[in-house]
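Just so we're aligned, residue 0 is where the sequence shown starts under numbering that gives the first Met the number 0, counting upward by one.
No residue lacks a Cβ here, since even glycine has one placed at the ideal position from N, Cα and C.
Remember, it's a predicted structure, so these values are computed and weren't measured experimentally.
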Amino acid sequence: MSLARKIFSNTAWQVIGKFITAVLGIVSIKFITNYLSRSTYGEYTTIYDYTALFAIIADFGLFTIAVREMAHHGNKIEKILGNVLSIRTVLAVAALGLGFFVTFLIPAYRGTPIPMGVGIVSIATVITLIAGTMSSLLQYHLKMFWTSIALSIGKIVTVGYIVLTITVFYPNDPAAGFPHLLTAWIIGGLITVLITYRAASKLAVVRFRFELDFWKDILIKALPYGLALMLGTIYFRMGTIVLSLLGEKEQVGLFGVPMRFVEILQIVPHYFMNSVLPILTASIVVNRQRAEKIVRYALNTMVTLSLPILMGGFMLSWQLTAAVSSPEFLTHRAADGAVIYGSDLALRILLGALVFTFLHVVFTYVLVAKGQQKLVLVANGIGATINILLNVILAPRYGFVGAALSVVGTEIVMFVTLTLLARRYLSNIWDLPFIAKTFVSTGAMGLVLWLTAAPLSALFHTKSLLILVPLGAAVFGLSMILTRAVSKEMVRLIIQKEPAKDDPPPPLTP
0 MSLARKIFSN TAWQVIGKFI TAVLGIVSIK FITNYLSRST YGEYTTIYDY
50 TALFAIIADF GLFTIAVREM AHHGNKIEKI LGNVLSIRTV LAVAALGLGF
100 FVTFLIPAYR GTPIPMGVGI VSIATVITLI AGTMSSLLQY HLKMFWTSIA
150 LSIGKIVTVG YIVLTITVFY PNDPAAGFPH LLTAWIIGGL ITVLITYRAA
200 SKLAVVRFRF ELDFWKDILI KALPYGLALM LGTIYFRMGT IVLSLLGEKE
250 QVGLFGVPMR FVEILQIVPH YFMNSVLPIL TASIVVNRQR AEKIVRYALN
300 TMVTLSLPIL MGGFMLSWQL TAAVSSPEFL THRAADGAVI YGSDLALRIL
350 LGALVFTFLH VVFTYVLVAK GQQKLVLVAN GIGATINILL NVILAPRYGF
400 VGAALSVVGT EIVMFVTLTL LARRYLSNIW DLPFIAKTFV STGAMGLVLW
450 LTAAPLSALF HTKSLLILVP LGAAVFGLSM ILTRAVSKEM VRLIIQKEPA
500 KDDPPPPLTP
C-alpha cells in the first residue's frame with residue numbers, strides 16, 4: 000500500500016469514526032436540548048467548557064509529541080508510550096482536581112449544579128485522556144481503525160444511557176436526571192479505554208512507566224506546544240466562560256448548540272495532520288521539496304473540506320439547528336414582530352471561523368514537525384490575547400453573537416500569524432489553480448442549495464436535510480470533477496498499491 004493511501008485510509012477511518020460519534024452526539028444534543036431548559040443547557044455547556052480549560056493542562060500536547068518522538072526513535076516506542084501515559088494521568092488528576100476545587104470559589108457558580116457536574120466530567124476526562132494516550136501508538140502505526148471502533152462503541156453506550164435517562168429513568172424530572180447525563184460519559188469512556196487497550200497491546204506492551212529523567216526530557220520538549228494548546232483552548236472556550244461569568248445562562252445555551260458543531264468539525268484537520276505528521280517529520284529535514292509537496296496536498300485537502308462545510312452550513316443553518324435542538328434555540332419573531340436571533344445565526348458566524356481553523360492547523364503541524372513548538376506558542380499567545388480582548392468587549396454587549404464574532408476574529412489572526420511563521424521553512428505550498436476551482440465548485444453547490452432549501456424545507460421541514468445534504472455534496476463533487484480540480488496524480492496517490500518513486504519516505508520503524 001502506498002504511503003499516500005495509508006495516510007488517506009488512516010484519516011478516512013478517523014473521519015468515519017468521527018462521523019459516527021458526531022451523529023450520535025447530534026442525537027444526544029437533540030434529546031438534551033428538548034429535555035433541559037435553555038438556561039439549564041447553558042449550565043450543561045458551561046460544565047464541559049470549564050472542564051476543558053483544565054483538561055488541556057493534562058493533554059499538554061503530549062499526544063502529538065509522542066507520535067513525533069516515535070517517528071524519531073522507533074526502537075523506544077514502549078518507553079515513550081509508558082512514560083507519556085503516566086505523565087498525562089498524573090497531570091490530569093492534578094489539573095482537574097484543581098479545577099474542581101476552584102468552582103466552589105466562583106460566585107456565579109454557587110448554588111448551581113456546575114461544581115458537581117465539573118467533578119463528574121473530570122473523572123470522565125481522565126479516562127478519555129488515558130484512552131487517547133494509548134491511541135498514539137495506533138496513530139504511529141497508522142492503525143486508527145481501532146481507535147474509531149473504540150470511540151464509536153463508547154459513544155453508543157454514552158448516548159444510550161443519556162436516552163434512557165431522559166425517556167425511562169427521569170422523563171419528568173430534569174433536575175434528578177441532570178447528573179446522569181454527565182455520568183453517561185464515564186460509562187462510555189470506560190468501554191473506550193478497554194477496547195483501545197486491547198488493540199494497542201497487540202503492537203507493544205502498554206503499562207505505566209515512571210522514568211523521571213525521561214519525564215523531564217519529554218516535558219521540556221512538550222512545554223512550548225503544550226502551552227500553545229492551553230492558550231488555544233482558552234480562546235476556543237473563552238466565549239462560554241465570559242458569558243457564564245456574566246450570569247447569561249440562556250446566552251451560553253444559545254452559543255453552546257453551534258459550538259458543539261464546531262467542536263466536532265475542528266477535530267478533523269487534527270486527525271488528518273496527525274496521520275501526516277510522522278511522514279512530514281521524516282521529510283522536512285532531509286528533503287524540503289517532498290515536505291512542500293506533502294503540505295501542498297494537506298492544504299488542498301483542508302480547502303476541499305472547509306469550503307463546502309462553510310457553504311452548506313451557511314445555507315442550511317436553520318435546518319441543521321432545528322434538527323439538533325428545540326424551537327426555543329432558533330431564530331424567530333416575537334409577538335411584537337421583533338426578530339429574536341437564535342443558535343442558527345451563531346452557527347453561520349462560527350463556520351466562517353472554521354475555514355481559517357482548517358488552514359492554520361496545517362501550519363501548526365509544520366512547525367511541530369520542524370521542532371519549532373515555541374513559534375506555535377507565540378501564535379497561540381497572540382490568538383488568546385486577541386480573543387480575550389474581543390470577548391470582553393463584544394460578549395457583554397452582543398451576547399452569543401459577540402462571542403461568535405470573537406472566534407472569527409481570532410481565527411483570522413491565527414491564520415495570518417501561523418502562515419507567516421511557517422513561510423520560514425516551506426514556501427511553495429499554495430496550489431492557487433486548485434483553490435480557485437474549489438471556490439467555483441463551492442459556489443455551484445451554494446447556488447443549488449439556495450434554490451432548493453426553502454421549498455424542500457417547507458415540504459419536509461428538517462427531513463429535507465436527507466435530500467439537501469447529499470444533493471449539495473453531489474453538486475460539489477461533480478463540479479470538482481468537471482473543473483478538473485481532482486487531478487489524476489491525486490487519485491493515483493490514493494489508490495496505488497505500491498509506493499510511487501516520489502512518495503516521501505516512511506517514518507522510522509522498529
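CA-to-CA distance, residue j to residue i, given in whole angstroms
{"i": "V406", "j": "I240", "result": "13 Å"}
{"i": "L319", "j": "V261", "result": "13 Å"}
{"i": "V256", "j": "V447", "result": "26 Å"}
{"i": "P509", "j": "N299", "result": "Low per-residue confidence applies at P509: pLDDT is 27, beneath 50, and the placement is therefore not dependable enough to give any value."}
{"i": "I152", "j": "G131", "result": "15 Å"}
{"i": "G398", "j": "R197", "result": "46 Å"}
{"i": "Y49", "j": "F209", "result": "30 Å"}
{"i": "L222", "j": "I339", "result": "45 Å"}
{"i": "V285", "j": "S426", "result": "16 Å"}
{"i": "T44", "j": "R423", "result": "40 Å"}
{"i": "A403", "j": "P114", "result": "26 Å"}
{"i": "F271", "j": "L304", "result": "11 Å"}
{"i": "M229", "j": "L52", "result": "7 Å"}
{"i": "I155", "j": "F355", "result": "31 Å"}
{"i": "H331", "j": "F168", "result": "33 Å"}
{"i": "D216", "j": "A65", "result": "12 Å"}
{"i": "M133", "j": "A93", "result": "20 Å"}
{"i": "M444", "j": "A472", "result": "8 Å"}
{"i": "R295", "j": "T363", "result": "14 Å"}
{"i": "G81", "j": "T63", "result": "15 Å"}
{"i": "I186", "j": "I233", "result": "27 Å"}
{"i": "K75", "j": "F213", "result": "11 Å"}
{"i": "L95", "j": "I190", "result": "21 Å"}
Residue burial classification, residue i (beta-carbon count within 10 angstroms, cutoff 16)
{"i": "A333", "result": "exposed"}
{"i": "K201", "result": "exposed"}
{"i": "F103", "result": "exposed"}
{"i": "I219", "result": "exposed"}
{"i": "V474", "result": "buried"}
{"i": "Q13", "result": "buried"}
{"i": "I283", "result": "buried"}
{"i": "L97", "result": "exposed"}
{"i": "G41", "result": "buried"}
{"i": "Q138", "result": "buried"}
{"i": "F458", "result": "In the sequence as displayed, the identity of residue 458 is Leu instead of Phe. With fewer than 16 other Cβ atoms within 10 Å, it is exposed."}
{"i": "G16", "result": "buried"}
{"i": "P277", "result": "buried"}
{"i": "Q288", "result": "exposed"}
Beta-carbon proximity of residue i to residue j, cut-off 7 Å
{"i": "E68", "j": "I86", "result": "no"}
{"i": "G408", "j": "L388", "result": "no"}
{"i": "A57", "j": "L128", "result": "yes"}
{"i": "A321", "j": "L329", "result": "yes"}
{"i": "L376", "j": "L366", "result": "no"}
{"i": "L417", "j": "H460", "result": "no"}
{"i": "Q250", "j": "L242", "result": "yes"}
{"i": "L393", "j": "G401", "result": "yes"}
{"i": "E327", "j": "R109", "result": "no"}
{"i": "V83", "j": "I126", "result": "no"}
{"i": "G118", "j": "F99", "result": "yes"}
{"i": "V204", "j": "L23", "result": "no"}
{"i": "N33", "j": "S456", "result": "no"}
{"i": "A54", "j": "T146", "result": "no"}
{"i": "G116", "j": "L211", "result": "no"}
{"i": "P268", "j": "F357", "result": "yes"}
{"i": "F467", "j": "L315", "result": "According to the sequence provided, residue 467 is Leu. The question's Phe does not apply to it. Yes, Cβ-Cβ distance for L467 and L315 is below 7 Å."}
{"i": "A183", "j": "Y160", "result": "yes"}
{"i": "V323", "j": "I28", "result": "yes"}
Assumed close pair residue i, residue j - CB separation to whole angstroms, cut-off 8 Å
{"i": "I46", "j": "V120", "result": "6 Å"}
{"i": "F59", "j": "G312", "result": "In fact, because the Cβ distance is near 32 Å, the residues do not count as touching under 8 Å."}
{"i": "S342", "j": "L470", "result": "Actually they do not touch by this definition, with Cβ atoms about 24 Å apart."}
{"i": "T437", "j": "V302", "result": "5 Å"}
{"i": "A281", "j": "A70", "result": "6 Å"}
{"i": "A11", "j": "I263", "result": "That belief does not hold up - the Cβ atoms of A11 and I263 are roughly 17 Å apart, past 8 Å."}
{"i": "A149", "j": "T111", "result": "About 33 Å separates the two Cβ atoms, so there is no contact after all."}
{"i": "A107", "j": "G246", "result": "6 Å"}
Extent of the continuous alpha helix (DSSP H) to which residue i belongs
{"i": "H269", "result": "V267 to I283"}
{"i": "P178", "result": "P173 to A199"}
{"i": "N512", "result": "Residue 512 is absent from the model: the chain starts at 0 and stops at 509."}
{"i": "I411", "result": "Q372 to A421"}
{"i": "T124", "result": "I113 to Y139"}
{"i": "H359", "result": "S342 to A368"}
{"i": "V474", "result": "L464 to L481"}
{"i": "M310", "result": "R287 to M314"}
{"i": "E42", "result": "R37 to D58"}
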